[in-house]
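Student: Residue numbers (this note's numbering): 6 to 190.
Set out below in structure tokens:
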């Protein structure tokens, strides 16, 4: 499976590193992420300045493209300029903090998944409650299993998943529940 990883926390974020470690063993993984923290930029794109990318080594463990723009820019640039082939799936995260309700409109994590879905690519935005970083590997494993199921079943064009994980080990959660996006503030 060809996977494109991105986020809104920047290319050096621990959540992105956890996803890379999990997926790179069994999949063809590309990383294209903002060069710095871009939380809260929503679905903005860069219009009035050059969009630049640099191929960088991160954490001594993976290489990827650091982009001067937003998470949505990362997807556009990746699909239209950087990647030789379309990915089978885009995974955005792991974001520290939930992306629920109206706040999804402000989330760069969610915007990256939404942008991929506009190109007809299966996409998952993944966020975790709280600010504890100890569940990253657990969550990355869960997302790998979920992404395989999503690709088997498929998603309607323009549809993506926004997954939020509670602040506890995945094995202690009550399971997976699909719902429509809420609109509460």
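Ideal Cβ positions, reconstructed from N, Cα and C, are used throughout, including at glycine. Note that the structure is predicted; figures quoted are calculated from it, not measured.
Going by DSSP, name the residue or residues bridged to residue 39.
Tutor: If you number the chain shown from 1, residue 39 lands on position 34. Answer is 72, bridged to residue 39.
Student: Name the residue from 155, 159 and 184 whose alpha carbon lies nearest to the alpha carbon of residue 169.
Tutor: Along the chain shown, one-based indexing puts residue 169 at 164. Distances from the CA of residue 169 to each of 155, 159 and 184 were compared; the closest alpha carbon is that of 184.
Student: For residue 191, count neighbouring C-beta atoms within 10 Å of its own C-beta (all shown protein chains included) and say buried if the count is 16 or more, exposed if not.
Tutor: The displayed coordinates of the chain run from 6 to 190. Any statement about residue 191 would go beyond what the structure contains.
Student: Assuming contact is defined by CB atoms lying nearer than 8 angstroms, are residue 23 and residue 76 in contact in what I supplied?
Tutor: Start at 1 with the first residue of the chain shown, and residue 23 comes out as number 18. Start at 1 with the first residue of the chain shown, and residue 76 comes out as number 71. With respect to residue 76, residue 23 sits apart: the two C-beta atoms are not nearer than 8 angstroms.
Student: Shortest alpha-carbon distance to residue 37 belongs to which of 53, 65, 96 and 26?
Tutor: Sequence index remark: in the chain shown, residue 37 carries index 32 (1-based). Answer by Cα proximity: 96.
Student: How about residue 58 and residue 104: do their beta carbons lie closer than 8 angstroms?
Tutor: In the chain shown, residue 58 corresponds to position 53, counting from 1. In the chain shown, residue 104 corresponds to position 99, counting from 1. Against a cut-off of 8 angstroms, the Cβ pair of residue 104 and residue 58 comes out as no contact.
Student: Looking at C-beta atoms only, is the number of pairs between the stretch 24 to 33 and the stretch 72 to 86 that lie closer than 8 angstroms three or more?
Tutor: no
Student: Tell me the rounded alpha-carbon separation between residue 84 and residue 118.
Tutor: The residue given as residue 84 occupies position 79 in the chain shown. The residue given as residue 118 occupies position 113 in the chain shown. If you take the alpha carbons of residue 84 and residue 118, they lie about 13 angstroms apart.
Student: Could you check the C-alpha separation between residue 92 and residue 144 for me, to the nearest Å?
Tutor: As a first step, residue 92 must be located in the chain shown, where it is residue number 87. As a first step, residue 144 must be located in the chain shown, where it is residue number 139. Residue 92 and residue 144: Cα-Cα distance of roughly 21 angstroms.
Student: Closest to residue 94 by CA distance: which of 128, 41, 161 and 181 is it?
Tutor: In the chain shown, residue 94 corresponds to position 89, counting from 1. Ranking the options by Cα distance to residue 94, first place goes to 128.
Student: From 68, 62 and 111, pick the residue whose C-alpha is nearest to that of residue 45; which is it?
Tutor: Position 40 of the chain shown, counted from the start, is the residue given in the question as residue 45. Per the Cα distances, 111.
Student: Compare the beta carbon distance of residue 81 and residue 126 with 8 angstroms and say whether it is the shorter of the two.
Tutor: Position 76 of the chain shown, counted from the first residue, corresponds to residue 81. Position 121 of the chain shown, counted from the first residue, corresponds to residue 126. Contact flag unset, no.
Student: Taking C-alpha atoms, which residue in 187, 87 and 150 lies nearest to residue 175?
Tutor: Position 170 of the chain shown, counted from the first residue, corresponds to residue 175. The residue from 187, 87 and 150 with its alpha-carbon nearest to that of residue 175 is 150.
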